[in-house]
Amino acid sequence: HFSVAHICRDVNYGWLMRNIHANGASFFFICIFLHIGRGMYYGSYMFKETWNIGVILLFLVMATAFVGYVLPWGHNPFW
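In the working numbering, the protein residues as written are 13 to 91.
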């Protein structure tokens with residue numbers, strides 16, 4: 013498997029791919045948290061089934077991010 017350092021160093025525009033991916037992932041989670049905040053502001057938590065499905069989806073997204081980020085290297089890949 014290839015390390016992040018290899019991709020940044022040896023792949024054309026690898027540094028750009030890393031930065032776009034990292035910033036895009038952060039922006040994605042910011043959007044999710046804003047969406048949750050909007051739901052709390054407007055009282056959407058009153059719809060229990062919908063809110064519970066949203067919480068499950070949030071945990072699945074966070075678990076997917078964890079598995080894709082940490083587990084392939086067995087440690088934090090950026091360090």
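All residues carry an ideal CB built from backbone N, CA and C; glycine is no exception.
Q) Is there at least one non-hydrogen atom of the ligand NAD closer than 7 Å to the beta-carbon of Gly51? A) As for the ligand NAD, it is missing from this structure, which has no ligand bound.
Q. According to DSSP, is Ser56 helix, strand or coil?
A. Helix.
Q.
Can you list, in chain order, the residues of its chain with a C-beta nearer than 8 Å to that of Leu70? Leave out the 5 residues immediately preceding and following it.
A. Ile44 and Ile48, listed in sequence order.
Q | Residue nearest to Gly66 in terms of C-alpha spacing, selected from Leu83, Ala77 and Gly51 | A | It is Gly51 whose Cα lies nearest to the Cα of Gly66.
Q) To which residues of the same chain is Trp91 closer than 8 Å at the C-beta, ignoring the five residues directly before and after it? A) In this predicted model, Trp91 has a pLDDT of only 47, less than 50, meaning its place in the structure is not dependable; the value taken from the coordinates is given anyway. The beta carbon of Trp91 sits closer than 8 Å to none of the beta carbons in its chain outside the five residues before and after it.
Q: Assuming Ala37 contacts Ala77 (C-beta within less than 8 Å), just tell me the rounded distance between them.
A: Contact annotation, Ala37 with Ala77: C-beta distance approximately 7 Å; criterion of less than 8 Å satisfied.
**Q.** Cβ shell of Met58 (< 6 Å), same chain only, five flanking positions each side left out
**A.** Non-local beta-carbon contacts of Met58 in its own chain, meaning distances under 6 Å to residues more than five positions away in sequence, are absent.
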